[in-house]
Amino acid sequence: MKLGRVIGTMVASVKADGMQGLKLLIVRPLTADLEVEGEPFVATDASAQAGPDDLVTYERSREAALLHDPWFIPVDHAIGGVVSQHAYDGGEEGGP
């Protein structure tokens, strides 16, 4: 699972079988400390609850296709959830 922020929406009037009714969102990938990590991409919203400016979790490739019902539709990225709370300590290892 990866983190991203919804930065836009998209409408496709024609979609592949199994994708009718799915919401398409534009997502910017983020690191664990919420820094931008790569180029934006289009994702389907398997959570059916994500919207603009939401912090979301997403899957890529085969795992993205499996998030939907019916599963294994032709998608590269899918939003699996909306993040309601996020805390990150920087991931520093070691200590005194």
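In this note's numbering, the protein residues as written are 96 to 191.
Positions of the beta carbon are idealized from the N, C-alpha and C atoms, including for glycine.
Q. So what's A182 in DSSP terms, helix, strand or just coil?
A. If DSSP states are grouped into helix, strand and coil, A182 belongs with coil.
Q: Find the nearest neighbour of K118 within the set S179, A173, V177, judged by alpha-carbon distance.
A: The shortest Cα separation from K118 among S179, A173, V177 belongs to A173.
Q) Is it true that the CB of R157 sits closer than 8 Å to the CB of L125? A) Taking 8 Å as the Cβ cut-off, L125 and R157 do not qualify as a contacting pair.
**Q.** E154, DSSP secondary structure in three states
**A.** Strand.
Q.
Please state the DSSP three-state secondary structure of A145.
A. Here A145 sits in coil by DSSP.
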